[in-house]
Structure formats: C-alpha cells, structure tokens
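The structure appears below as structure tokens.
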Amino acid sequence: MNTTAALAGADAEDVPPPAGPSDPVERLSAPRPAGPPDRRTASDEHRARGHHEPLAHLAPLAHLDHPDHHERPDHHERPDPLDHPDPYAAAQAAGVDNLLRCWVRENGFAAPGDDGVLRVPLPASGTHLRVPVRHWSATGWHRFGAPALTDAPESAPPVDAVTLAALLAREAGARAGAPGAGAEAADLVGRVADSVRRTAVFLRDRRARPDDGPDLFLAAEQALLLGHPLHPTPKSREGLSEAETGRYSPEARGSFPLHWFAVAPAALATDSAWTERGRPVPAARLTARLAGHGLPLPAGHAALPVHPWQARELRLRPGVAALFDAGLLRDLGPYGPAWHPTSSVRTVHRTGAPAMLKLSLGLRITNSRRENLRKELHRGVEAHRLLRTGLGRRWRAAHPGFDIVRDPAWLAVDDPDGGPVPGLDVLLRHNPFAASDDVSCVAGLVAPRPLPGSASVGAPPGTGSRLARLVTRLARRTGRPPGAVSVEWFLRYLEAVVRPLLWLDAEAGIALEAHQQNTLLLLDRDGWPAGGRYRDNQGYYFRASRHAELDALLPGIGAHSDTFVADAVADERFAYYLGINNVFGLIGAFGAQRLADERLLLAAFRGFLTAVATGPDRLRTSLPSRLLDSPVLRCKANLLTRLHGLDELVGPVDTQSVYVTLANPLHG
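Following our numbering, the numbering of the sequence shown begins with 632 at its first residue and continues without gaps.
The structure is reproduced here in structure tokens:
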C-alpha cells in the first residue's frame, strides 16, 4: 500500500487545508507567467493580498542601504575565519564566537571602543582577553576574531574554544554563589570540545558535497552546521560514536530505517485526534501504515517506531527489560525505508510520507535529554483539538497563510501498574509539505554553511546563508541595493509570521515558543516571505487569565498537559522566544552577514509593533508594548543554564532555564 495514498484522506480540520489560491504552499509551486521583474513594494503586495497596512510609515526606510558603523573599515575585508581551509580551525572560530556571544550577553558588555577590540577581564585567572571585533551587533549576533591573553608571548597561539570555555567557567565559579566550579565546569569544557570536533566533521563533509538535495524542507533542516549562535555547545551529542554521528545527524545528511517494537494491548497508552473522512484513526493504525507491508507484527499488537540508538539503550533499562520478559514488548528489529533526522535530531522525516515522527532520544543534545514527556504528548493533541473548536477557522480567516503543524496522535507504553515507561513515547506530526515546497525553518535560512558553486581553485566553498543568497538575488533582479531589499523582506516577514503569532495570543491567550528553529517560513517563487507555520508540541503557554475562555472551548483543557502558566511567565517567554530569539535574531543575521544595517531593521520592527499596539487593527496582546516600552528584557542565558547543569525539559516551566536581564535594543 502506498503510505501517502493511505493517509491522504485526512480531514481538512485534521491537516492544514489543501493548497489553494489563498494558501502560500500553492504559490510555492504554481507557475508564474513570464513578464518583467516584479518591482512592487511591500505595501503594494500586502494591499493586493488584503493584509493589514502598517507599512506605509516605514517607506522612507526602504530606499536606504546600510553603512555599518559597528565595524572597523578593514575587518570585513579580512578573510572570514569560517572560510579557513582547515575545517577544524573554522569550527574553532565558530566555537569561540558562540562562547563570547554568550559571555557578552550574559554579563552586559558594552560595545568596544574605537580600536575595535573587546577587553574581557578574567580576574580569577589574573589576566584578561583582547578580542578583535569583526562585527558588533545591537541584537547580540557579534562576530569576533581570534582572542589572545594580554600577558601571553607574541608567539603564543590564539586562545581556542576549549581554553576559552575553561577560562569563562573559572570566572563564573569564582563569583559568590555562582556556578562554574568542579563538575559543571569540567562538563562544559568537555562538551565544548565535543561540539567543536563534530562541527569540524560536518564542515569537512559539507564542503565536499555542498549541493542541497531535492527536498527543500529537508535541505533547510540539514543546514544548521554551526547550530544555535548563542549556545556554548550547540553540536554536543554525548553518547554518539563517529559512525552513529554520520547516520543520525541532520548535518551529515544521515538516514536510517526505524527500529520497531510490538506493544501488547495491556501495555499500550495512546490517543489520537487524527480523522479521515470524518472518522477517527487510531495512532496504532497510522504507525502500521508507516511501517508498510511485511512488518512481522503479532495480531492485536501496536507497531511502535523507535530510534535505533534508543532501541539499543532501552534494552539496558530494567523496567523495559521486564516488559520484554513479560511478553508485553517484542523486538521486531529495524524495518522499512530510510527516514531522515531533522534539525532537532530526534524528529524524523521521509519525503512524501504524510507524517513526521517525534521520537524519544536519550542523548544529551545541547542542554537536555530529548525523551518525550507524557504531558507533552497530551499537549500536542490538546492543541489540535482546541484549534478544531473553531479557533483555527477564525485564525485562518484572519491570517490564511499561517497555521500550526499539528501533532494529533501519539503512542507510548505503560507499566503493569499503569505508570508511563520513559523513553518509549512517540508523537505523530503532520507532514504538510511536498518536496518542491520552498519551506525552511528560520534557523536554517540564516545559518552559515558552505555554499554550492562558491569554491575557487584550491579553496573550500565560501560560507554563507541561504538568506544572503536570496537577498543578493532579489537585489540583482530588482536593481535595488541589498539593504533596501532586506528591509522589505523583513517587513514581509513580520506580516507573514509575527502578526499571526500575536493574533493568537491576543484572541486566545496562547503564546507560542516561536524561536527560529520552531518557526517555518514559506517562500514564494522569488524568495519573498509568503506564509508560515509553527511546530512544536512542547512550546505552548496558555495564559492563566484566559483559563475560563479556553475551558469553554475545550472542557478540561490543561488537566493532563500542564500548559497553563502565570501571565508573567507567558509574557517573559513570549518576549524571549518571539522577540529576542526570533526577530532580534533575524535582525542580527542581516547585520552580521552584512546585508543591512541593524538600526534600520530595528526601526522597522518598532514601527510594526507600534501599528499592532495602536493602529486601527490593534491587537490586545501585551508583547508589543513590552518590547517597545521596557528598557530591559529578560533573556535565556544558555551558558549559565549549562553551568547550572539544568535540563530544560525537566521541572517547572518557570525554573527550567536561567534568565538574565539585557538592554532592550528597541528602547531609546
């Protein structure tokens, strides 16, 4: 049976509506009549689509290119360390950048002086660092040269990422009541070394094969070779061998067949809101279809897909071994076609399959072991059911180009006493994208990576992002400066992605954890933002003040999902994930990649927020005024979170991470 055909009957409320004239997915593939280059402005385009009109007052910005006042004139002319012929040296440079960005943000450093050198005091070591600044970013996306200790001899090599991690951990540990000493400091240093080593391998292999595959969604998921630019250990994966790294990593374009367990009815835990032609479809039926014919599934048992690494590790857990001994679990082994890891590593994708699978994976990736929690499975199905109450139709009526990639079904295993067995939970996520749909997570769009067709004789491919290529191509096609194109592109992004997210908070009291990796951007044939999707069953914040309204839509909401939080927590997290990580991060990428002056984009964002807060189509969400009026913002501190040894998936939502205060670049 063809799996895609088998599930193609899912109801319109169960999956995003089929592509049509008003759906950006259709615009991605639809042929465009030949004609002269499209030189419409952002305002013209939005009027044509019937969208809101907050852009007119920003028109004076659109003609400006960017004199970047934060760079020394010669710094951008020096070779980029990310282009170093030795991939290990390039990976070291990326690791140094990440650590310094974190330290600068989490300790409130001011911009360097006219000499373009950042001085980092290291009193616990009796010295300080001198760091040349390639680019100083108002939003934290700085670029640095090689740091040096002031008292080191001239012949000494620059400070590498591992040494820098040890120095910074010592500084953190020397402060009264602060972490950073002992085991956590050693853990940080080890993870930095692991992250740099893996990054070097990813760069080496990608330089040899820079061309993307035909599936555009998957290509974007495989683009994050350097990882989160403000995380100290973005590519650390404790427990993966070198061979496993090649198979299980999206950066290595890995693929593998799934491992399958058979679950006896007495041990099966499941829920499904997936429907086809008006009829509910159990999750076990869906997984059996995804496995395909030939899986030796015992009668009455459910087919449970498991990550191969996890399948091996689970055998060592006494509770799981007892289930095998009791005959409640049976090991069917690897089976079926290859699946590809996406940017999260644990969620897997297969081109043409109607579902992606969010698998449990006990690896420590960045700060957390990535095993699904039962409350998160409930949360994904609950959000899907909530949107089917009519809220989703209202949202699409207001913003037809945006939706949530739904998580409507799951399977898991309970022990004989009815308690969850950790490590076996799997979520079924819709896959609404065809291979030809130009859709990318924002993190993949802005990620520097070796570019196809950019190598010169005897040198590796140049490093750049797909965003930079899009802007350059649009500037060439329209005859406009890259800075002007960047401003218009950014304005369209705010309308296509940010306004719909603000609408959901305003109308339903639901703030989404819409960081760059959770935000999918749909691009039209020319490369302009055309729509968006949010993905993630973990990242919902239901405001406590809106409990009665949401419970009226879906009685009992939150009882099992633990999704309601105090409004103050929702405010803080929404401001960080959407404001700082997503939008400020996009602005920072434009600046760090020398596409636009960050000041212009911050002014554009300020104008957009003002229109949302006070214009004729104002929304009753608190985020615009918070971002506009607060001189400081609360920001997740990934380095301190690592030094505290916190797992961000464990514990109460308001204490899973360390937050610090930083100056608001929109204020003043």
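Heads up, the beta-carbon is just placed ideally off N, CA and C, and yes, glycines get one too.
In the DSSP assignment, the alpha helix (DSSP H) including residue i goes from what residue to what residue?
i: residue 582; result: Because the chain is modelled from 632 through 1299, residue 582 falls outside the range shown and cannot be assessed.
i: residue 1006; result: 1005 to 1017
i: residue 848; result: 847 to 852
i: residue 1274; result: 1269 to 1274
i: residue 950; result: 949 to 956
i: residue 793; result: 792 to 805
i: residue 1172; result: Residue 1172 -> not in any alpha helix (DSSP H); beta strand (DSSP E) instead, spanning 1171 to 1174.
i: residue 1001; result: Where residue 1001 is concerned, there is no enclosing alpha helix (DSSP H), although the beta strand (DSSP E) it sits in stretches over 999 to 1001.
i: residue 1234; result: 1229 to 1245
i: residue 734; result: 718 to 738
i: residue 945; result: 939 to 945
i: residue 1255; result: 1254 to 1260
i: residue 864; result: Segment: none, residue 864 is in no alpha helix (DSSP H) and carries neither H nor E.
First and last residue of the beta strand (DSSP E) that includes residue i?
i: residue 970; result: 960 to 972
i: residue 1128; result: No beta strand (DSSP E) contains residue 1128, which DSSP labels as neither H nor E.
i: residue 1164; result: 1160 to 1165
i: residue 900; result: 899 to 903
i: residue 1071; result: 1070 to 1072
i: residue 1104; result: No beta strand (DSSP E) contains residue 1104, which is instead part of the alpha helix (DSSP H) from 1097 to 1109.
i: residue 892; result: 887 to 894
So which of the options has the shortest CA-CA distance to residue i?
i: residue 1076; options: 759, 888 and 843; result: 843
i: residue 949; options: 1260, 1046 and 1017; result: 1046
i: residue 1058; options: 1258, 1259 and 979; result: 979
i: residue 974; options: 1098, 1078, 910 and 1138; result: 1078
i: residue 728; options: 1131, 1228 and 1223; result: 1223
i: residue 1255; options: 1184, 1104, 1209 and 913; result: 1209
i: residue 1034; options: 1049, 1007 and 1064; result: 1064
i: residue 1175; options: 1163, 1151, 1202 and 1150; result: 1202
i: residue 753; options: 709, 803 and 769; result: 803
i: residue 1028; options: 1134, 764 and 880; result: 1134
i: residue 716; options: 928, 1081, 1001 and 912; result: 1081
i: residue 1271; options: 1258, 1259, 1260 and 1291; result: 1291
i: residue 1163; options: 1169, 1152, 848 and 1173; result: 1152
i: residue 1206; options: 1248, 1129 and 1179; result: 1129
i: residue 714; options: 818, 740, 785 and 834; result: 834
i: residue 1159; options: 1215, 816 and 1102; result: 1102
i: residue 1234; options: 769, 734 and 765; result: 769
i: residue 827; options: 781, 931, 865 and 1097; result: 865
i: residue 1215; options: 1147, 1179 and 1048; result: 1147
i: residue 951; options: 985, 1044 and 1020; result: 1044
So residue i and residue j are in contact, right, with Cβ under 8 Å, and what is the actual spacing, rounded?
i: residue 736; j: residue 771; result: 5 Å
i: residue 958; j: residue 895; result: 7 Å
i: residue 885; j: residue 792; result: Actually they are not in contact, since the Cβ atoms of residue 885 and residue 792 sit about 24 Å apart, beyond 8 Å.
i: residue 856; j: residue 837; result: 6 Å
i: residue 1099; j: residue 1226; result: 6 Å
i: residue 1066; j: residue 711; result: Contact flag wrong, Cβ pair sits at about 32 Å.
i: residue 1229; j: residue 1221; result: 7 Å
i: residue 1181; j: residue 1242; result: About 27 Å separates the two Cβ atoms, so there is no contact after all.
i: residue 760; j: residue 787; result: About 13 Å; that fails the 8 Å criterion.
i: residue 1306; j: residue 1041; result: Outside the shown range of the chain, which is 632 to 1299, sits residue 1306, and nothing can be said about it.
i: residue 1232; j: residue 1118; result: 7 Å
By Cβ distance below 6 Å, which residues in the same chain neighbour residue i in space, the five residues on each side in sequence not counted?
i: residue 899; result: 933
i: residue 672; result: Annotation note: pLDDT 40 at residue 672 (below 50); position unreliable, no value reported.
i: residue 1298; result: 1262
i: residue 653; result: Its pLDDT being 31, under 50, residue 653 is placed unreliably by the model, and nothing is read from it.
i: residue 647; result: Note that residue 647 has pLDDT 44, beneath the 50 cutoff, so the model's placement of it is unreliable and the number below is only indicative. For residue 647, where only same-chain residues beyond five positions count, the Cβ hits under 6 Å are 1034 and 1063.
i: residue 684; result: Residue confidence is low: residue 684 scores 44 on pLDDT, short of 50, so the model does not pin down where it sits. Its coordinate-derived value is still stated next. No residues qualify anywhere along the chain.
i: residue 755; result: 801, 802 and 805
By Cβ distance below 7 Å, which residues in the same chain neighbour residue i in space, the five residues on each side in sequence not counted?
i: residue 767; result: 701, 742, 743 and 773
i: residue 1106; result: 1112, 1113 and 1116
i: residue 1171; result: 1010, 1014, 1141, 1143 and 1194
i: residue 1137; result: 1250, 1251 and 1252
i: residue 668; result: Confidence is the limiting factor: at residue 668 the pLDDT is only 36, short of 50, which leaves the residue's position unreliable and the question unanswerable from this model.
i: residue 1189; result: 1173 and 1195
i: residue 799; result: 730 and 734
Identify, in the order they occur along the chain, each residue of the same chain with its Cβ nearer than 8 Å to the Cβ of residue i, setting aside the five sequence neighbours on each side.
i: residue 936; result: 889, 890, 891, 918, 921, 922, 988, 990 and 1057
i: residue 926; result: 891, 919, 934, 963, 966 and 967
i: residue 1295; result: 1258, 1261, 1262, 1263 and 1264
Could you please give me the residues that DSSP links to residue i through a beta bridge?
i: residue 1141; result: 1173
i: residue 1188; result: DSSP, once it has assigned bridges, lists no residue as partnering residue 1188.
i: residue 1030; result: Residue 1030 pairs with nothing; no bridge assigned.
i: residue 1057; result: 1042
i: residue 989; result: 978 and 1058
i: residue 876; result: The partner list for residue 876 (beta bridge, DSSP) is empty, contrary to what the question assumes.
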